[in-house]
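These notes are about the structure you will find just below.
2 protein chains.
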Amino acid sequence: MTVKCSACPIRHRDCFLPMSASEIAAMERFKTGELVVEGRSSILMEGSNSPQLFTILEGQGLRYKTLPDGRRQVISFVFPGDFVGLQAGVMAEMRHSVESATRMRLCVFERAGLFGFFRDNPERGFDLTWLSAVEEHFLGENILTLGQRSAEERIAWAFLRIWERLTALKLRSNGSVPFPHRQQDLADALGLSLVHTNKTLARLRKAQVASWSEGRLSVLDAARLAEIAQAEEGEGAQRRPLL
Amino acid sequence: MTVKCSACPIRHRDCFLPMSASEIAAMERFKTGELVVEGRSSILMEGSNSPQLFTILEGQGLRYKTLPDGRRQVISFVFPGDFVGLQAGVMAEMRHSVESATRMRLCVFERAGLFGFFRDNPERGFDLTWLSAVEEHFLGENILTLGQRSAEERIAWAFLRIWERLTALKLRSNGSVPFPHRQQDLADALGLSLVHTNKTLARLRKAQVASWSEGRLSVLDAARLAEIAQAEEGEGAQRRPLL
DNA sequence: CGAATGTTTGATCCTTGTCAACTGCTGTGG
DNA sequence: CCACAGCAGTTGACAAGGATCAAACATTCG
């Protein structure tokens with residue numbers, strides 16, 4: 130049995146976990162409601178101690194941290210199916226902020242229920258751990274990119290990941306996927322300046338490799354993009370646990 | 130009750146988790162042995178499908194990824210108490226390699242037992258998730274550093290974290306902590322070239338702020354270091370879950 | 001002793017950041 | 001209805017932080 134979107138707190142990436150009827154009931158008890166936020170508004174704040182966890186049902190956003198002097202680093206973009214706020218759920222407080230890019234619909238869970246949920250559904254607990262491991266993997270990829278790739282490689286790599294992710298979510302239509310962020314956001318995600326990001330985007334566009342404008346991304350030459358990005362073979366996979 | 134070092138697979142950071150006697154028994158069943166590796170040898174390989182998980186009991190090492198063309202990124206340094214190999218335990222395969230810097234002693238667990246362990250000890254499962262969240266937090270810090278901080282800030286920040294971590298592990302003696310890596314390793318961790326790393330280290334040393342040589346790190350002026358690193362207030366904490 | 005490995009230092013180059021100005025669009029209020 | 005401010009994107013000129021190249025030095029090891 131597969132759980133539908135709005136019933137499942139652990140619907141990460143494009144992965145739907147099979148569950149029993151009683152597990153679904155437990156989920157529904159755990160779930161406390163839905164939340165809709167407008168574009169460009171903040172959902173979780175660094176340093177806050179939010180009592181809630183969220184699954185993203187619709188819309189896109191980003192997670193970021195800032196330095197005391199104001200420099201901002203986007204940790205990752207978040208997509209439908211992502212689980213957000215686990216850190217606050219499990220640690221003392223959030224160590225990063227989450228903000229919407231467009232209108233978002235979120236599934237809300239009480240943090241206080243998390244522990245009981247684990248106790249009553251050890252298999253879900255395992256899944257949550259699996260989910261964390263996947264997230265860790267993606268963050269590692271990110272670190273590799275920031276540390277070693279050049280500006281052009283970074284953007285190519287980011288586009289490839291975003292393209293694959295949104296395609297897997299079935300959000301591709303007419304040869305493009307929604308990516309409703311500003312160039313400044315991408316620049317902050319990749320550790321580049323706005324100006325340099327802009328110029329690199331222009332080059333990729335002129336070369337007919339990929340084009341991103343008006344909130345939509347089109348990958349015209351995926352093979353070339355992968356080449357530029359120095360992508361590994363079969364890097365995108367990994368959606369289900371083995372055990 | 131607090132579990133001793135070699136009995137606990139989830140002894141992360143400087144955190145000892147309280148457990149009941151039966152939980153300890155379950156742990157001991159889960160544990161399968163100890164492993165000692167020499168310096169500069171590899172423990173887990175990217176792409177491998179290792180049947181084992183490890184807790185580090187003694188020694189230091191590092192986790193890294195490589196690009197097809199050979200560039201290497203050190204994801205993080207690992208210290209006694211760190212849990213290693215969860216990714217392979219929970220995902221299809223390792224997505225990074227782990228290598229020892231010095232001789233290391235490891236506590237070995239069978240990956241196959243992980244799932245049953247979760248089922249029988251939901252509280253430990255929760256702890257593992259907590260542990261993952263903490264790890265995620267640190268990786269986020271890392272991303273912030275690579276994306277936004279300058280060379281000098283990066284090194285100051287890294288020294289501060291390493292210093293705090295090893296101090297918490299009670300490994301400080303005579304005003305210095307063991308950090309048995311090469312300059313190339315630090316450079317690869319911070320996304321800098323070896324040469325530039327070396328010159329920046331020389332500057333910090335000459336300024337009497339911090340000095341790292343012959344495998345030992347001394348922080349002479351922690352306040353100045355934090356200032357250079359653009360460190361946030363109370364960033365180092367966060368060792369126990371709330372719930 | 002020579003080979004290998006790691007650290008140090010100087011000279012030079014280049015990728016990327018910074019500064020500045022201009023465009024196009026949108027929303028707002030007089 | 002237009003003037004104007006505000007914001008995102010674009011482009012050029014210039015500066016600089018860090019990369020690269022090259023060579024010397026120190027240690028260890030066989």
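Here the protein sequences come in this chain order: A and B.
Plus 129 on top of the position in the first sequence (first one is 1) and you've got my numbering.
Plus 129 on top of the position in the second sequence (first one is 1) and you've got my numbering.
Ideal placement from N, C-alpha and C gives every residue a C-beta, glycine not left out.
{"Asked": "So, are the CB atoms of residue 234 (chain A) and residue 179 (chain A) less than 9 angstroms apart?", "Found": "no"}
{"Asked": "Taking the C-alpha atoms as reference points, what is the distance between residue 343 (chain B) and residue 290 (chain B)?", "Found": "19 angstroms"}
{"Asked": "Taking the beta strand (DSSP E) that residue 160 (chain B) belongs to, which residues open and close that run?", "Found": "160 to 166"}
{"Asked": "Look at the alpha carbon of residue 304 (chain A) and the alpha carbon of residue 177 (chain A), and state the distance between them as a whole number of angstroms.", "Found": "40 angstroms"}
{"Asked": "Which residues in the same chain have their Cβ closer than 6 angstroms to the Cβ of residue 211 (chain A), if we skip the five residues on either side of it in sequence?", "Found": "185"}
{"Asked": "Can you tell me which of the three DSSP states residue 246 (chain B) falls into?", "Found": "helix"}
{"Asked": "Under 8 angstroms between beta-carbons, which chain B residues line up against residue 320 (chain A)? List them in chain order, please.", "Found": "275, 276 and 277"}
{"Asked": "When the cut-off is 9 angstroms and only beta carbons count, does residue 325 (chain A) lie next to chain B?", "Found": "no"}
{"Asked": "Tell me the DSSP secondary structure of residue 312 (chain B) in three-state form.", "Found": "helix"}
{"Asked": "Express the C-alpha separation of residue 293 (chain A) and residue 330 (chain A) in angstroms, rounding to a whole number.", "Found": "19 angstroms"}
{"Asked": "Name the DSSP bridge partner or partners of residue 238 (chain B)?", "Found": "B:160 and B:182"}
{"Asked": "Which runs of the alpha helix (DSSP H) fall wholly inside the region 257 to 343 of chain A and span at least 4 residues, in chain order?", "Found": "280 to 297, 312 to 319 and 323 to 335"}
{"Asked": "Can you tell me whether residue 255 (chain B) is helix, strand or coil according to DSSP?", "Found": "helix"}
{"Asked": "Quick check on this structure: which residue in A:257, A:154 and A:223 has the alpha carbon closest to the alpha carbon of residue 174 (chain A)?", "Found": "A:223"}
{"Asked": "Going by beta-carbon coordinates alone, are residue 284 (chain B) and residue 333 (chain B) separated by less than 9 angstroms?", "Found": "yes"}
{"Asked": "With three or more C-beta pairs closer than 8 angstroms as the rule, is the region 213 to 220 of chain A touching the region 250 to 269 of chain B?", "Found": "yes"}
{"Asked": "In this structure, what does DSSP give as the bridge partners for residue 219 (chain B)?", "Found": "Answer by DSSP bridge pairing: none, since residue 219 (chain B) is not bridged."}
{"Asked": "Anyone know if the C-beta pair for residue 203 (chain A) and residue 318 (chain A) falls short of 9 angstroms?", "Found": "yes"}
{"Asked": "Between residue 179 (chain B) and chain A, is there a C-beta pair that is closer than 9 angstroms?", "Found": "no"}
{"Asked": "Determine which residues share a DSSP beta bridge with residue 202 (chain A) and list them.", "Found": "A:194"}
{"Asked": "For a test of the three-state rule: what should DSSP assign to residue 169 (chain B), helix, strand or coil?", "Found": "coil"}
{"Asked": "Taking residue 202 (chain B) as the query, report the chain A residues whose CB atoms sit under 8 angstroms from its CB, ordered along the chain.", "Found": "272, 273, 276 and 277"}
{"Asked": "Evaluate residue 198 (chain A) with the Cβ neighbour count: other Cβ atoms within 10 Å of its Cβ, from every protein chain shown; 16 or more gives buried, anything less gives exposed.", "Found": "exposed"}
{"Asked": "Give the interface partners of residue 187 (chain A) over in chain B, defined as CB-CB distance under 8 angstroms, in chain order.", "Found": "In chain order: nothing, as chain B lies at least about 24 angstroms away."}
{"Asked": "Would you kindly check if the distance between the Cβ of residue 286 (chain A) and the Cβ of residue 274 (chain A) is under 9 angstroms?", "Found": "yes"}
{"Asked": "Just checking, does the region 313 to 327 of chain A make contact with the region 255 to 266 of chain A on the three C-beta pairs under 8 angstroms criterion?", "Found": "no"}
{"Asked": "If we ignore side chains and look at the alpha-carbon of each, how far apart do residue 357 (chain A) and residue 298 (chain A) end up?", "Found": "24 angstroms"}
{"Asked": "Taking the continuous alpha helix (DSSP H) assigned at residue 353 (chain A), which residues delimit it?", "Found": "351 to 358"}
{"Asked": "Give the straight-line distance between the Cα atoms of residue 280 (chain A) and residue 247 (chain A), rounded to the nearest whole angstrom.", "Found": "42 angstroms"}
{"Asked": "Identify the contact partners of residue 198 (chain A) in chain B, using a Cβ-Cβ distance below 9 angstroms as the criterion.", "Found": "359"}
{"Asked": "Got a sec: is the Cβ-Cβ distance from residue 233 (chain B) to anything in chain A below 9 angstroms?", "Found": "no"}
{"Asked": "One question on the structure: do residue 229 (chain A) and residue 188 (chain A) come within less than 9 angstroms of each other, judged by their Cβ atoms?", "Found": "yes"}
{"Asked": "Could you give the first and the last residue of the continuous beta strand (DSSP E) run that contains residue 345 (chain B)?", "Found": "345 to 348"}
{"Asked": "Determine, for residue 353 (chain A), whether the minimum Cβ-Cβ distance to residues of chain B falls below 9 angstroms.", "Found": "no"}
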